[in-house]
Amino acid sequence: MIYPRTLAPFVRQASATFPVVLLTGARQVGKTTLLQAISEPNRQYVSLDDPLMLALAREEPALFLQRFPAPVLIDEIQHAPQLLPHIKLAVDGQRQPGSFWLTGSQAFHLMRGVSESLAGRVAVVRLLGFSRREAERRGERPAAPFLPAEPVLADYCTTGKPLGLSRLYELIWRGSYPALIQSREADRDLFYGSYLQTYIQRDVRDFARVNDAMAFLRFVRAAAARTAQLLNVAELARDADVAPNTAKSWLSILEASGLVYLLQPWHSNFTKRLVKTPKLYFLDTGLCSYLTQWSSPQSLEAGALSVAIFETWVMVELLKSYWHRGKQAPFYFYRDKDLLEIDLLIEADGVLYPIEIKKTSSPARNAMKGAAALGRSGANVGPGVLICMVTQTVPLKDNVTAIPVGCL
Numbered sequence: 139m140i141y142p143r144t145l146a147p148f149v150r151q152a153s154a155t156f157p158v159v160l161l162t163g164a165r166q167v168g169k170t171t172l173l174q175a176i177s178e179p180n181r182q183y184v185s186l187d188d189p190l191m192l193a194l195a196r197e198e199p200a201l202f203l204q205r206f207p208a209p210v211l212i213d214e215i216q217h218a219p220q221l222l223p224h225i226k227l228a229v230d231g232q233r234q235p236g237s238f239w240l241t242g243s244q245a246f247h248l249m250r251g252v253s254e255s256l257a258g259r260v261a262v263v264r265l266l267g268f269s270r271r272e273a274e275r276r277g278e279r280p281a282a283p284f285l286p287a288e289p290v291l292a293d294y295c296t297t298g299k300p301l302g303l304s305r306l307y308e309l310i311w312r313g314s315y316p317a318l319i320q321s322r323e324a325d326r327d328l329f330y331g332s333y334l335q336t337y338i339q340r341d342v343r344d345f346a347r348v349n350d351a352m353a354f355l356r357f358v359r360a361a362a363a364r365t366a367q368l369l370n371v372a373e374l375a376r377d378a379d380v381a382p383n384t385a386k387s388w389l390s391i392l393e394a395s396g397l398v399y400l401l402q403p404w405h406s407n408f409t410k411r412l413v414k415t416p417k418l419y420f421l422d423t424g425l426c427s428y429l430t431q432w433s434s435p436q437s438l439e440a441g442a443l444s445v446a447i448f449e450t451w452v453m454v455e456l457l458k459s460y461w462h463r464g465k466q467a468p469f470y471f472y473r474d475k476d477l478l479e480i481d482l483l484i485e486a487d488g489v490l491y492p493i494e495i496k497k498t499s500s501p502a503r504n505a506m507k508g509a510a511a512l513g514r515s516g517a518n519v520g521p522g523v524l525i526c527m528v529t530q531t532v533p534l535k536d537n538v539t540a541i542p543v544g545c546l
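Going by this note's numbering, the final residue of the sequence shown carries number 546, and the count climbs one at a time with no gaps.
Printed below as a string of structure tokens:
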């Protein structure tokens with residue numbers, strides 16, 4: 139069964155412009171499947187997970203490219219960064235768009251090599267797991283990233299599908315990895331257990347030089363328990379029983395490998411930064427739920443992580459609406475000295491669009507008090523939305539609308 143990916147048209151567009159396209163993302167999010175699905179018949183495929191191919195790429199990179207000339211798809215390029223200078227020479231000689239398609243499962247050292255060898259020649263594209271619309275094979279609509287302004291908002295609300303609490307937490311608990319969505323028979327706990335073992339052994343130990351696997355796993359679990367919270371590195375380090383500098387280093391590993399996202403606070407050149415600390419979000423709610431040991435969707439919905447995991451799921455769906463269309467996500471949050479907050483600000487054309495995320499079906503009319511404070515700071519504030527469990531769109535005061543989570 140084919141699950142069209144929203145990112146596919148942008149990859150084709152990038153390939154028609156740049157000689158090299160690099161598709162990055164965490165393991166198992168469907169990078170190779172996407173590229174093979176849209177590949178031309180004459181494009182060769184080679185995986186550097188194959189020991190023989192890897193040895194050739196590392197020891198004889200020039201010979202490797204003679205054996206696999208463009209157009210070619212090279213999978214898991216991070217295993218052989220020796221290829222990058224030779225790819226540069228090849229594309230400089232040919233100047234053909236779409237010559238090399240590359241995938242990389244982690245970016246610990248890969249991106250530095252890419253920026254040094256392929257600057258100006260490569261389009262770097264990021265992929266996450268399935269969005270809800272992709273999982274329901276509706277990934278082609280809407281065409282634009284989410285924005286709380288017309289006509290984009292109307293498009294999302296018109297093409298959305300109702301999503302009740304029980305079904306929502308099933309989606310949250312199971313997660314967005316294609317293997318778990320394409321096969322409802324797949325064992326969720328077995329998948330995530332194996333995933334973590336592969337991630338720690340292959341990526342973290344081999345590429346990030348993390349020697350204490352058990353300490354790293356403790357750190358990852360502690361980070362998962364703090365999804366949708368302000369990042370406190372000292373507290374995170376204490377709970378994981380590691381040094382603060384180690385926690386900072388390991389957090390950068392989680393970010394580089396596509397497991398977490400750090401949402402930065404909003405600031406402008408005209409006002410001081412109100413909060414210097416970012417917020418931490420796990421990029422897959424299924425993995426986050428597994429790490430924090432919730433055994434079922436029902437226990438997750440009723441438990442202590444319920445509100446934070448709801449906010450995390452919404453945040454990641456909004457991120458996917460940008461990243462899966464090849465767009466940067468101009469996302470921030472707001473929190474001032476009086477503790478007035480806005481969960482998410484989307485900046486577009488100099489306008490800040492506020493978004494609140496709440497697990498409620500009865501939103502208060504003053505649910506977005508932070509928007510007024512933001513406006514007093516001199517910012518140009520546009521219309522806002524409250525994403526929650528209402529069953530239909532509900533206008534609130536002060537240019538704010540409550541919309542169902544099913545719109546996403």
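The beta-carbon is built from N, C-alpha and C at its ideal position, and this holds for glycine as well.
- Task: Go to residue 472, then tell me how far its beta strand (DSSP E) extends in each direction, as first and last residue.
- Result: 469–473
- State the start and end residues of the unbroken beta strand (DSSP E) segment that holds residue 495. Unbroken beta strand (DSSP E) run through residue 495: 489–495.
- Own chain residues within Cβ distance below 6 Å of residue 89, not counting five before or after: No information on residue 89 is available, as it lies outside the stretch 139 to 546 that the chain covers here.
- Query: So, helix, strand or coil for residue 160, using DSSP?
  - Reply: Strand.
- Runs of beta strand (DSSP E) lying entirely within the segment 249–323, each at least 3 residues, in chain order: 260–264
- Quick one, are the C-beta atoms of residue 550 and residue 141 less than 8 Å apart? With the chain covering only 139 through 546, there is no way to say anything about residue 550.
- Message: In whole angstroms, give me the CA-to-CA distance for residue 469 and residue 198.
- Response: 43 Å
- Task: Let me know if residue 233 comes out buried or exposed under the rule of 16 or more other beta-carbons within 10 Å of its beta-carbon.
- Result: exposed
- DSSP state of residue 380, grouped into three classes? coil
- Message: Since residue 429 and residue 313 should fall inside the 8 Å C-beta cutoff, what is the C-beta to C-beta distance between them, to a whole number of angstroms?
- Response: Contact between residue 429 and residue 313 is absent: CB atoms are separated by about 11 Å, not below the 8 Å threshold.
- Task: Please report how far the alpha carbon of residue 303 lies from the alpha carbon of residue 219, in whole angstroms.
- Result: 46 Å
- Decide if the segment 171–179 is in contact with the segment 431–441; the criterion is three or more beta carbon pairs, one per stretch, under 8 Å apart. no
- Message: Please return the same chain residues whose Cβ sits closer than 8 Å to the Cβ of residue 320, not counting the five positions on each side in sequence.
- Response: Annotation for residue 320: 139 and 141 place their beta carbon closer than 8 Å to its own, counting only its chain and skipping 5 residues before and after.
- Using 10 angstroms around the beta-carbon of residue 191, count the other beta-carbons present and answer buried if the total reaches 16, otherwise exposed. buried
- Helix, strand or coil for residue 486, going by three-state DSSP, please let me know. strand
- Task: Would you mind sorting residue 529 into buried or exposed? The rule is 16 or more other CB atoms within 10 Å of its CB.
- Result: That one is exposed.
- Task: Determine, using beta carbons only, whether residue 454 and residue 498 come nearer to each other than 8 Å.
- Result: no
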